[in-house]
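Below is one structure, written out as structure tokens; the observations come after it.
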Amino acid sequence: MSHVSGSRALIILEMLEQRSRHGSETTHLCGVAQEVTGLTGAAIALQSDGHPLIRVCSSSPLADALLDLEVTVGEGPCTDAVTAESMVGSRDLSSDGAWMWPWYAPIAVADGARAVFGFPIRLGAIRLGGLLLFRDVPGPLTDAQSSYGFAMATVAARAILALQAGLAPNVIAHELLSESSFDAALHQAAGMVSLQGAMSIGEALVALRAHAFVLGISTAELSRRVVDRRVAYDDQLADWRDDEGTGTPERR
Amino acid sequence: MPRESVLISTMVELADNLVDHFDVIDVLTMLSDRAVEVVEVDAAGVMLASPDGELQFVAASSESMTVLELFQLQADEGPCIDCYRSGQAIANEALSEPDDHWPRFTPLAISKGFTSVHCLPMRLRGRTIGALNLFRRLPGRLSSEDVVAAQGLADVATIAILQHRTVLDAQTLNGQLSSALNSRIIIEQAKGRISQATRCDMDQAFDKLRSYARNHNLRLTDVATSVVDGALVADVLTQRPPVRR
Numbered sequence: 012m013s014h015v016s017g018s019r020a021l022i023i024l025e026m027l028e029q030r031s032r033h034g035s036e037t038t039h040l041c042g043v044a045q046e047v048t049g050l051t052g053a054a055i056a057l058q059s060d061g062h063p064l065i066r067v068c069s070s071s072p073l074a075d076a077l078l079d080l081e082v083t084v085g086e087g088p089c090t091d092a093v094t095a096e097s098m099v100g101s102r103d104l105s106s107d108g109a110w111m112w113p114w115y116a117p118i119a120v121a122d123g124a125r126a127v128f129g130f131p132i133r134l135g136a137i138r139l140g141g142l143l144l145f146r147d148v149p150g151p152l153t154d155a156q157s158s159y160g161f162a163m164a165t166v167a168a169r170a171i172l173a174l175q176a177g178l179a180p181n182v183i184a185h186e187l188l189s190e191s192s193f194d195a196a197l198h199q200a201a202g203m204v205s206l207q208g209a210m211s212i213g214e215a216l217v218a219l220r221a222h223a224f225v226l227g228i229s230t231a232e233l234s235r236r237v238v239d240r241r242v243a244y245d246d247q248l249a250d251w252r253d254d255e256g257t258g259t260p261e262r263r
Numbered sequence: 581m582p583r584e585s586v587l588i589s590t591m592v593e594l595a596d597n598l599v600d601h602f603d604v605i606d607v608l609t610m611l612s613d614r615a616v617e618v619v620e621v622d623a624a625g626v627m628l629a630s631p632d633g634e635l636q637f638v639a640a641s642s643e644s645m646t647v648l649e650l651f652q653l654q655a656d657e658g659p660c661i662d663c664y665r666s667g668q669a670i671a672n673e674a675l676s677e678p679d680d681h682w683p684r685f686t687p688l689a690i691s692k693g694f695t696s697v698h699c700l701p702m703r704l705r706g707r708t709i710g711a712l713n714l715f716r717r718l719p720g721r722l723s724s725e726d727v728v729a730a731q732g733l734a735d736v737a738t739i740a741i742l743q744h745r746t747v748l749d750a751q752t753l754n755g756q757l758s759s760a761l762n763s764r765i766i767i768e769q770a771k772g773r774i775s776q777a778t779r780c781d782m783d784q785a786f787d788k789l790r791s792y793a794r795n796h797n798l799r800l801t802d803v804a805t806s807v808v809d810g811a812l813v814a815d816v817l818t819q820r821p822p823v824r825r
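As given, the protein sequences belong to chains A and R, one line each in that order. The opening position of the first sequence corresponds to residue 12 in my numbering, with each subsequent residue numbered one higher. The opening position of the second sequence corresponds to residue 581 in my numbering, with each subsequent residue numbered one higher.
Following this line, the structure appears as structure tokens:
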């Protein structure tokens with residue numbers, strides 16, 4: 012649909028969709044992240060304003076343990092990626108990792124991780140959390156692994172917002188496959204709705220998707236109606252208001 | 581202003597930006613504006629390849645939905661993808677229907693009043709990272725001088741992405757591209773808030789954002805982030821800057 016053939020996001024989404032056919036208990040994001048990068052493991056965590064990381068998923072018990080470690084010691088690649096809003100990594104935890112994260116590195120090495128990489132999960136100004144990728148041997152990421160890391164972080168941002176909008180995990184990949192990865196109207200509409208409903212931009216995006224789902228139209232279509240001022244969120248009613256037909260008589 | 585003078589002043593303006601308050605969206609918007617001045621075209625814009633391998637719109641000479649739609653569609657098909665894939669310039673491509681090659685792009689561009697399209701690759705040591713796209717309303721061809729000047733601007737745009745780094749590994753470049761594309765999303769989110777607060781169009785919202793950033797000597801993306809986070813109230817953007825002594 013809206014993807015250039017060979018796009019990494021498309022490959023990731025197709026893998027997610029395939030996996031979601033076999034059970035919907037988790038989002039499968041971390042398993043796919045591990046598989047496309049060919050690294051030892053992956054984990055995804057949410058983080059909001061200085062609160063500790065909250066696990067979304069992990070590909071293995073070691074991935075789990077590494078996230079827990081970051082929460083316990085308060086430092087590490089995911090935490091840094093979220094704060095710095097850029098990719099952060101240590102290609103050798105037992106040397107350069109030791110000065111980056113003096114508490115985190117020795118325990119992570121003892122647990123079996125030798126190289127760790129954190130990617131910010133964000134959508135514009137919406138900061139959601141971080142993606143952790145790691146390996147049990149030292150060394151840098153290849154170009155393809157780095158590209159997949161960024162692509163995975165983008166897919167994760169969209170998937171997490173879709174989950175928050177109440178979409179069932181097994182339909183998310185299918186839903187995201189039908190959308191374009193960049194829709195100016197969607198982000199503009201989120202900005203408008205955040206003021207209309209006195210909510211954060213992330214909450215506005217979630218509200219837009221949830222309402223589109225209720226109406227049975229695409230999020231892109233609802234966004235266009237919001238930007239054209241045909242639909243608005245009414246803070247007094249705490250509900251959506253359809254302004255179509257209630258405008259000036261000559262427009263009817 | 582003659583072409584040479586515009587090109588030289590663009591370089592000076594860019595040099596100022598690179599050392600001062602560099603913002604990739606601001607610089608690429610400026611280059612798109614200059615492309616319209618220097619080359620005989622009516623709209624210009626830049627698309628960048630995400631680390632994903634997808635082309636995404638980042639900056640244009642106009643923020644109107646008319647123009648944005650033309651760029652957005654090119655994530656799927658159009659001259660930018662062809663130029664990006666081949667790494668070769670597309671010059672003086674006359675638009676006519678029916679078009680089997682660009683079945684959605686061509687009718688849309690014609691409906692917006694454009695007669696021809698041009699696309700210059702943004703190349704960096706063997707890797708194409710994006711494209712500068714030009715649209716023309718009047719019939720007739722661009723001169724070869726025009727095409728050379730446009731390629732010059734595309735090259736300058738590439739340098740702008742590098743942010744004065746001489747050594748750039750793929751991972752750092754991925755980071756730069758990802759950050760530029762994310763900045764564009766922040767700007768769209770901010771445009772929505774400004775448009776809602778001041779009841780203006782999206783292109784006016786962008787102008788407010790940009791003038792505020794310039795007048796206060798701030799980066800465009802930082803101003804947009806403050807607007808989205810609520811740290812900067814959208815109506816404040818219409819106020820005049822503080823008087824400098």
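Just so it is clear, CB atoms sit at the ideal spot from N, CA and C, and this is done for glycine as well.
Secondary structure of residue i, DSSP reduced to three states
i	result
R:Asp606	helix
A:Glu36	Legend: pLDDT at A:Glu36 = 47, less than 50; position of this residue unreliable, value from coordinates given subsequently. It is coil, neither helix nor strand.
R:Val619	coil
R:Gln636	strand
A:Val148	coil
R:Thr695	coil
A:Ser101	strand
R:Pro678	coil
A:Ala20	helix
R:Cys528	Given a span of 581 to 825 for chain R in the structure shown, any question on residue 528 of chain R remains unanswerable.
R:Leu753	helix
A:Ile228	coil
R:Glu673	strand
R:Gly772	helix
R:Thr708	strand
A:Phe193	coil
R:Asn713	strand
Chain R within 8 Å of residue i, Cβ atoms only
i	result
A:Ala20	yes
A:Asp154	yes
A:Ala136	yes
A:Ala119	no
A:Gln207	yes
A:Glu36	Since pLDDT at A:Glu36 reaches only 47, below the 50 mark, its modelled position is unreliable, and the value read off the structure follows with that caveat. Not closer than 8 Å to any Cβ of chain R, the Cβ of A:Glu36 fails to qualify, so no.
A:Asp246	no
Short CB-CB distance (under 8 Å) between residue i and chain A
i	result
R:Ile605	no
R:Ala551	The structure shown has nothing for residue 551 of chain R, since chain R only spans 581 to 825.
R:Gln784	no
R:Ala777	yes
R:Phe685	no
R:Ala623	no
R:Gly706	no
R:Gly633	yes
R:Asn754	yes
R:Gln751	yes
R:Gln652	yes
R:Glu617	no
R:Glu584	no
R:Glu768	yes
Interface partners of residue i on chain A, CB under 7 Å
i	result
R:Leu648	Ala195
R:Lys771	Gln199, Gly202
R:Ile765	Leu134, Gly135, His198
Proximal residues of chain R, C-beta to C-beta of residue i below 7 Å
i	result
A:Met26	Chain R residues near A:Met26: none, gap ~14 Å exceeds 7 Å.
A:Ala133	Looking at the sequence provided, one finds Arg at residue 133 of chain A rather than Ala. Here the neighbours are Asn762.
Integer-rounded CB distance, given that residue j should sit under 8 Å from residue i
i	j	result
R:Asp783	R:Ser642	6 Å
R:Arg716	R:Val621	5 Å
A:Gly42	A:Arg30	7 Å
R:Leu899	R:Ala711	The structure shown does not extend to residue 899 of chain R, since chain R is modelled only from 581 through 825, so no value can be given for it.
A:Phe161	A:Phe130	6 Å
A:Asp250	A:Ala243	No, A:Asp250 and A:Ala243 are not in contact; Cβ-Cβ is about 10 Å, not under 8 Å.
A:Ala231	A:Glu28	No, A:Ala231 and A:Glu28 are not in contact; Cβ-Cβ is about 19 Å, not under 8 Å.
A:Gly202	R:Ala770	6 Å
A:Val99	A:Asp91	4 Å
9 Å Cβ cut-off: residues of chain A touching residue i
i	result
R:Gln636	Ser192, Phe193
Residues that residue i contacts on chain R, provided the C-beta gap is smaller than 8 Å
i	result
A:Ile183	Ordered by position in chain R, no residue passes the 8 Å Cβ test against A:Ile183, which lies about 18 Å from the chain.
Neighbouring residues, chain R, relative to residue i (Cβ below 9 Å)
i	result
A:Met210	In chain order: nothing, as chain R lies at least about 11 Å away.
Per-residue contacts from residue i into chain A (C-beta, under 8 Å)
i	result
R:Gly732	Per Cβ cutoff of 8 Å: no residues; R:Gly732 is ~27 Å from chain A at best.
Subject >> Positions along the stretch 153-172 of chain A whose CB lies within less than 7 Å of some CB in chain R >> reply: Asp154, Ser157, Ser158, Phe161, Ala162, Thr165
**OP:** Give, in chain order, every residue of the stretch 787-808 of chain R whose Cβ lies closer than 7 Å to some Cβ of chain A.
**Re:** Thr805, Val808
Original post:
If you measure beta-carbon to beta-carbon, which residues of the stretch 91-102 of chain A are closer than 9 Å to chain R?
Top reply: Glu96, Ser97, Met98, Gly100
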